[in-house]
Amino acid sequence: MSEVAGRRASPLPPIPAVLIAVVSVQGGAALAKGLFPVLGAVGAAGLRLVLASVMLLAWFRPSLTRYTRAQWAAIVPYGVALGVMNLTYYLSIARIPLGLAVTLEFVGPFVLAVVGSRKALDFLWVLFAATGIVLITPWTARPGGLDPLGVVLALTAGACWALYILMGGRLSRRVPEGQGVAAGMVVAMLTVLPFMLKEGHLERLTPGLFAAGLGVALLSSALPYTLEMLALGQLSSRTFGILMSLEPGVATVVGWLFLREHLTPLQWLAVALVSIASAGATLTAKRLPPPVEA
């Protein structure tokens, strides 16, 4: 999952760069899910945030001791939203398929895109998204059905994603973006660290698992963040948001290929409806920050 990006020319064409970033994020999530049997979802989330924090601190070298109270007032809520988002997202994919978790998580940025709108088309996108959510929601507790808690956790991650977008815009006005992201990642890590230590799974950490955790941090944070940061220098926020709307579909395919997570035809339809709604809302939305991955 990547953060609020700066603008810089990219050696890659911008659209392929974003598409590679989307695949990278979901590949990282699939790799992280493979760590759950040993480290647990909380341990995997904590390990990713610790390693991502180290990478970003080394790269951007933020002056943490020199920030003002006003700057920390922007950094802390951004970091807490980022940490809770990562934690609830990993807890959700431990219970439900990756593609469905990402689809439900997209509800947060989607609501942010259409809130306050009075355009007729936006009501159509709301109808599409609502239909998709109805198709995913486990209305009965049947054996082998979708885990209701997993659905709630994914929606919680989506709400945190919306807060993260809002807080990211505020942060970018107070702290240079790369440094702000690095400082926010430290806060996110400190938010999740107590839960990770309480779980105690890190006592099972081996060099092989650490290497896998490093891969998760690279695929889910470092690589996609860099690619998106470079691509945003050449793409409009609207185009970027439409490309990000492919993420539920990509997550579903990645889950099917690498985790053997099979969806029902109705669940595939739900993923398609939410993706269409997100892309459509991006086209007709007010100018808001794009739903950047975290």
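51 is the number that UniProt numbering gives to position 51 of the sequence shown; each next residue is one higher, with no gaps.
For each residue, glycine too, the CB sits at the ideal point set by N, CA and C.
Using the beta-carbon count (16 or more within 10 Å), is residue i buried or exposed?
i, result
"G200", "exposed"
"R204", "exposed"
"P62", "buried"
"L31", "buried"
"P248", "buried"
"P14", "buried"
"A5", "Residue placement at A5 cannot be trusted, given a pLDDT of 40 that sits under 50; the coordinates are not used to answer."
"residue 315", "For residue 315 there is no data in the structure shown, the boundaries of the chain being 1 and 294."
"S92", "buried"
"S236", "exposed"
"P16", "exposed"
"A74", "buried"
Under 7 Å between the Cβ atoms of residue i and residue j?
i, j, result
"L35", "A212", "yes"
"A44", "V274", "no"
"A251", "V107", "no"
"L51", "A217", "yes"
"G83", "T226", "no"
"A277", "W125", "yes"
"A94", "A159", "no"
"M185", "S53", "yes"
"V115", "D122", "no"
"G46", "M167", "no"
"L49", "M189", "yes"
"E105", "A157", "yes"
"L219", "G28", "yes"
"A81", "P224", "no"
"M55", "Y164", "no"
"F60", "G178", "yes"
Starting from residue i, follow the alpha helix (DSSP H) in both directions and report where the run begins and ends.
i, result
"P265", "265–284"
"V126", "120–136"
"A222", "A222 -> no alpha helix (DSSP H), and no H or E assigned at all."
"I96", "Looking at the DSSP string, I96 is not in any alpha helix (DSSP H), and its letter there is neither H nor E."
"T252", "247–258"
"Q234", "No alpha helix (DSSP H) contains Q234, which DSSP labels as neither H nor E."
"P14", "14–33"
"Y164", "148–172"
"L112", "107–114"
"R48", "36–60"
"L209", "207–217"
On a CA-only basis, which of the options is nearest residue i? Give me that one, please.
i, options, result
"R174", "G108, V114, Y78, K198", "Y78"
"E261", "P138, P97, L243", "P97"
"T65", "G180, G208, V111", "G180"
"G215", "L19, Q26, P16, P14", "Q26"
"L135", "A272, F210, V76, F258", "A272"
"G280", "F240, A231, P265", "F240"
"L57", "V151, A222, G99, Y90", "A222"
"Q267", "G132, A21, V254", "G132"
"Y67", "L104, L171, A21, Y164", "L171"
"Y90", "F210, L39, P207", "L39"
"W72", "V22, P176, K119, L202", "P176"
"L19", "F258, P265, I242", "I242"
"L146", "V187, T264, G255, L269", "T264"
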